[in-house]
Ligand code: CO
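Here it is as structure tokens:
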């Protein structure tokens with residue numbers, strides 16, 4: 002696929018994924034189009050050789066896998082996350098005063114607040130609705146400009162350009178209309194979901210920005226959009242996953258919710274989701290305990306979550322030499338205290354895969370006097386422990402509601418993953434591996 006085609010696909014994926022629920026639905030749609038069969042965790046699984054499957058948990062995390070036609074070495078796993086920092090709408094959502102109705106919101110994850118001001122916003126998520134038999138989940142997206150968080154005029158804060166401390170409960174509540182629409186917010190949500198307001202028994206609703214993604218730069222080299230962290234990696238992994246040739250390993254694609262709030266939910270990377278699914282695959286393949294315990298030794302995981310590119314106005318915030326540039330390839334992320342899982346072995350595997358795939362590799366480390374973020378790899382390893390590398394795609398303005406990355410890098414990840422999922426990393430002895 003051409004870069005421009007991949008970027009167009011990415012922008013479509015982002016556009017249809019305003020929340021983690023929608024991102025999982027978007028990914029599931031692409032998998033279904035490519036012949037993947039949906040499984041339910043509650044069911045007995047009878048997996049067929051050559052079968053292609055996916056399963057979701059909480060409708061906000063997803064794992065897809067393929068069963069090889071003959072034999073199997075280990076698992077080849079790529080993980081990413083599908084949630085982004087956002088404002089979550091509180092249970093009783095409206096605040097009415099001085100002629101305005103505002104939404105009562107709280108913080109989900111650690112966002113940059115300033116970019117949320119003065120942009121058209123909308124609301125999406127899920128509602129849980131009463132049925133005759135019990136309850137039912139409905140995804141909902143109001144899908145039009147219904148909210149905005151207005152800045153305070155410079156005349157009322159002359160020091161606005163010297164830095165502002167925002168108070169979420171005071172400054173970040175979006176206006177959704179005049180007091181004439183008092184009581185109409187949940188009605189609108191119900192209407193969009195096609196249900197009666199009185200039947201809504203629960204909701205997980207989030208604000209999202211309505212600005213569309215765009216490709217820009219004199220040579221069209223940049224892509225800016227909401228949710229690039231981490232749907233850019235999710236999309237790249239997914240493209241690689243569906244296009245990979247069958248190999249000796251069992252390819253597994255994992256997309257986790259709740260990375261931005263520490264992953265400790267029933268569907269996050271710190272849950273049993275991945276280990277449960279791997280166990281079920283091994284059981285369905287008839288492996289005994291001994292065989293199951295041999296599997297991690299010849300398995301490999303890539304945890305893909307976007308990385309900081311060196312910033313044009315703040316070069317001093319990056320490490321003196323390990324500083325990624327946009328459109329220069331996959332970023333291997335290192336941290337001595339193992340916030341990132343990459344070590345000499347897993348880096349060597351990633352470098353070998355990228356070399357074979359013709360994909361450039363660059364390196365990120367934090368400045369030694371700065372504390373960086375954490376991600377999925379080390380958390381997942383506490384449940385299923387195997388050689389893992391943390392990688393990402395270089396981007397600017399991480400956790401802004403409108404982020405910037407490179408058009409070439411999504412394609413690099415897709416290329417790398419296409420090869421990755423067709424390989425296996427088999428242990429010869431502890432420390433020596435065969436890639437085939
Ligand atoms: Co991330």
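Numbering (our numbering), first residue to last: 2 to 437. Don't be surprised by glycine CBs; every beta carbon is placed ideally from N, CA and C.
Near residue 435, what residues of its chain come up, given a Cβ to Cβ distance below 7 Å and the 5 sequence neighbours on each side ignored?
-> These residues qualify, in order along the chain: 427, 429.
Please name the residue, chosen from 55, 50, 33, 245, that lies closest to residue 256 on a Cα-to-Cα basis.
-> The candidate whose alpha carbon is nearest that of residue 256 is 55.
What are the partner residues of residue 252, as DSSP defines its beta bridges?
-> Per DSSP, 77.
Residue 396 classed as buried or exposed, judged by whether at least 16 other C-beta atoms fall within 10 angstroms | Buried, since its Cβ has 16 or more Cβ neighbours within 10 Å.
Residue 362 lies in the beta strand (DSSP E); which residues open and close that run?
-> Looking at the DSSP string, the run of the beta strand (DSSP E) that includes residue 362 is 362–365.
Residue 62, enclosing beta strand (DSSP E) - first and last residue = Taken as a continuous stretch (DSSP letters only), the beta strand (DSSP E) holding residue 62 covers 62–67.
Starting from residue 120 and walking both ways along the beta strand (DSSP E), at which residues does that stretch end?
-> Neither: residue 120 is in no beta strand (DSSP E) and is coded neither H nor E.
Supposed contact pair residue 25 and residue 1 - C-beta distance, whole angstroms, cut 8 Å | Any question about residue 1 goes unanswered here, given that the chain covers just 2 to 437.
To the nearest angstrom, how far is it from the Cα of residue 345 to the Cα of residue 121?
-> Straight across, the Cα-Cα distance linking residue 345 with residue 121 is about 46 Å.
For the candidate residues 22, 418, 424, whose alpha-carbon lies nearest to that of residue 237?
-> Closest by C-alpha distance to residue 237, out of 22, 418, 424, is 418.
Less than 9 Å separating the beta-carbons of residue 147 and residue 177?
-> Yes, the Cβ-Cβ distance between residue 147 and residue 177 is below 9 Å.
Those residues, in chain order, that have a beta-carbon closer than 5 Å to some heavy atom of the ligand CO = Listed along the chain, these residues meet the criterion: 230, 231, 306.
According to the neighbour-count rule (16 or more other Cβ atoms, all chains shown, within 10 Å of its Cβ), is residue 386 buried or exposed?
-> Looking at its Cβ environment, which holds fewer than 16 other Cβ atoms inside 10 Å, residue 386 is exposed.
Spatial distance of residue 58 from residue 44 (CA atoms) | So the two alpha carbons sit approximately 13 Å from each other.
Supposed close pair residue 53, residue 38 - CB separation, criterion 8 Å | Right, the Cβ-Cβ distance comes to about 7 Å (below 8 Å), so this counts as a contact.
Check the C-beta distance from residue 275 over to residue 156 and give it rounded, since I have them as a contact under 8 Å.
-> Contact doesn't hold; Cβ gap of about 53 Å is too wide.
Buried versus exposed, by CB contacts within 10 Å (16 or more), residue 371 | Counting Cβ neighbours within 10 Å, residue 371 comes out exposed, since fewer than 16 surround it.
Rank 354, 130, 349, 340 by C-alpha distance to the C-alpha of residue 204 and give the top, closest one.
-> Ranking the options by Cα distance to residue 204, first place goes to 130.
How many Å lie between residue 34 and residue 27 at the Cα?
-> Each residue's Cα considered, the two are about 11 Å apart.
Measure the beta-carbon distance from residue 410 to residue 330 and round it to whole angstroms, keeping in mind my assumption that it falls under 8 Å.
-> Taking 8 Å as the upper bound for CB-CB distance, residue 410 and residue 330 are in contact here, some 7 Å apart.
Using 8 Å as the Cβ pair cut-off and three pairs as the minimum, do the segment 183–199 and the segment 207–216 touch?
-> Judged by Cβ distances under 8 Å, the segment 183–199 makes no contact with the segment 207–216, as fewer than three pairs qualify.
How about residue 260 and residue 377: are their beta carbons less than 9 Å apart?
-> Closer than 9 Å, so yes.
In whole angstroms, what is the alpha-carbon distance linking residue 162 and residue 99?
-> Rounded to the nearest angstrom, the two C-alpha atoms are 27 Å apart.
CA nearest to the CA of residue 104, picked from 117, 114, 116, 89 | Of all alpha-carbon atoms in 117, 114, 116, 89, the one lying nearest the alpha-carbon of residue 104 is that of 89.
CB residue 375 to CB residue 318, shorter than 9 Å?
-> One thing to note: residue 375 has its Cβ no nearer than 9 Å to the Cβ of residue 318.
Secondary structure of residue 382, DSSP reduced to three states = Correct three-state label for residue 382: helix.
Hey, quick one: how far does the alpha helix (DSSP H) through residue 192 stretch, first residue to last?
-> Residue 192 -> alpha helix (DSSP H) spans 186–194.
Please name the residue, chosen from 115, 433, 222, that lies closest to residue 8 on a Cα-to-Cα basis.
-> It is 222 whose Cα lies nearest to the Cα of residue 8.
Hey, quick one: how far does the alpha helix (DSSP H) through residue 14 stretch, first residue to last?
-> For residue 14, the enclosing alpha helix (DSSP H) covers residues 4–16.
Would you check if the segment 359–368 and the segment 297–305 touch, i.e. whether three or more CB-CB distances between them fall below 8 Å?
-> Contact fails: fewer than three Cβ-Cβ distances are below 8 Å.
Using DSSP bridges, identify the partner residues of residue 96.
-> Answer is 103.
Pair within 9 Å by beta-carbon distance, residue 391 and residue 304 | Yes, these two residues count as a Cβ contact at 9 Å.
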